Amino acid sequence: TRRIKIAPSILSADFANFGAECRAIEAEGADWVHVDVMDGHFVPNITFGPATCAAIRPHIKGVMDVHLMIAPVDPYIEAFAAAGADVITAHIEAGPHIHRTLQAIRNTGKKAGLAINPGTGLDGVENLLDMLDLVCVMTVNPGFGGQSFIASQVEKVRRLRALIGERRVHIEIDGGVTPVTAPLVAAAGADVLVAGSAVFKGGSVTDPAPYGANIRAI
Ligand code: DX5
Ligand code: ZN
Numbered sequence: 008t009r010r011i012k013i014a015p016s017i018l019s020a021d022f023a024n025f026g027a028e029c030r031a032i033e034a035e036g037a038d039w040v041h042v043d044v045m046d047g048h049f050v051p052n053i054t055f056g057p058a059t060c061a062a063i064r065p066h067i068k069g070v071m072d073v074h075l076m077i078a079p080v081d082p083y084i085e086a087f088a089a090a091g092a093d094v095i096t097a098h099i100e101a102g103p104h105i106h107r108t109l110q111a112i113r114n115t116g117k118k119a120g121l122a123i124n125p126g127t128g129l130d131g132v133e134n135l136l137d138m139l140d141l142v143c144v145m146t147v148n149p150g151f152g153g154q155s156f157i158a159s160q161v162e163k164v165r166r167l168r169a170l171i172g173e174r175r176v177h178i179e180i181d182g183g184v185t186p187v188t189a190p191l192v193a194a195a196g197a198d199v200l201v202a203g204s205a206v207f208k209g210g211s212v213t214d215p216a217p218y219g220a221n222i223r224a225i
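First residue of the sequence shown: 8, per UniProt numbering; consecutive thereafter.
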């Protein structure tokens, strides 16, 4: 059976204390740190860009997993690579030339991820599997933390795991992951679970123990 990694999303962290928040979640057992970049154009919310990622980087010992909810993507790939991302994930819906975008990510030496929205099927994904390290299945419509898990995506995860076959490609789940929904997607073949509100609830940088309890509960 696959070991499940937990990737807390700092979208639910204290934005004035990203460094301390990243150190706290790693100390409390996070496997990866998930960094949500939003542009107010591809999604209806704005977070931050490469400069903030670069500032966060020294506070993360492990994997910095950067989820780009931006369009276009290509002009910014170099900047996120230089900021120290380990995984750079772009949306299949973000432009007409996702193959080129994934090639550009791979050319920086970083791991390439492909995110797919709840309304997107697996047709276009099949042709890209050999150039991917990760597929991020969105189980909410991207833009905000704290939304409800869209259960219809579980079947898509199952079909995606079958399509991936023997390839070494992570399936990451993003949105509405809780102790209730996590087992459903893990059983369907997911191995990286992003969780924002479910990890950060009840804790803070001065009282980070709830982060650990929340991570272990997922
Ligand atoms: C949504 C983001 C997610 C979000 C998840 O657009 O990509 O990473 O932070 O938040 P929760 O776990 O609260 O649904
Ligand atoms: Zn995300």
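Just so you know, even glycine gets a beta-carbon here, dropped at the ideal spot from N, CA and C.
No experiment lies behind these values; they were computed from the predicted model shown.
At a threshold of 7 angstroms, residue 201 counts as near the ligand ZN, since its beta carbon sits closer than that to one of the ligand's heavy atoms. The shortest CA-to-CA distance from residue 132 to any of 216, 114, 97 and 117 is the one to 97. When DSSP reads this structure, residue 74 sits in a beta bridge with 43 and 96. When distances are taken from the beta-carbon of residue 46 to the heavy atoms of the ligand DX5, even the shortest one reaches 7 angstroms or more.
Boundaries for residue 132: no beta strand (DSSP E) harbours it, while the alpha helix (DSSP H) harbouring it runs 130 to 133, taken from the DSSP string. Taking the Cβ of residue 140 as the reference point, every heavy atom of the ligand DX5 lies at 7 angstroms or farther away. One Cα belongs to residue 84, the other to residue 187, and the distance between them is close to 35 angstroms. Around the CB of residue 146, 16 or more other CB atoms lie within 10 Å, so the residue is classed as buried.
Its chain contains 73, 87, 112 and 117 as the residues whose beta carbon lies nearer than 6 angstroms to that of residue 95, once the 5 sequence neighbours on both sides are disregarded; these appear in chain order. Per the coordinates, the alpha-carbon of residue 149 lies some 7 angstroms from the alpha-carbon of residue 124. Residue side-chain check: residue 74 places its Cβ nearer than 7 angstroms to a non-hydrogen atom of the ligand DX5. In the DSSP assignment, residue 164 falls within the unbroken alpha helix (DSSP H) covering 160 to 171. For the ligand DX5, no non-hydrogen atom lies closer than 7 angstroms to the CB of residue 160.
Note on geometry: alpha-carbon atoms of residue 156 and residue 143 lie some 14 angstroms from one another.
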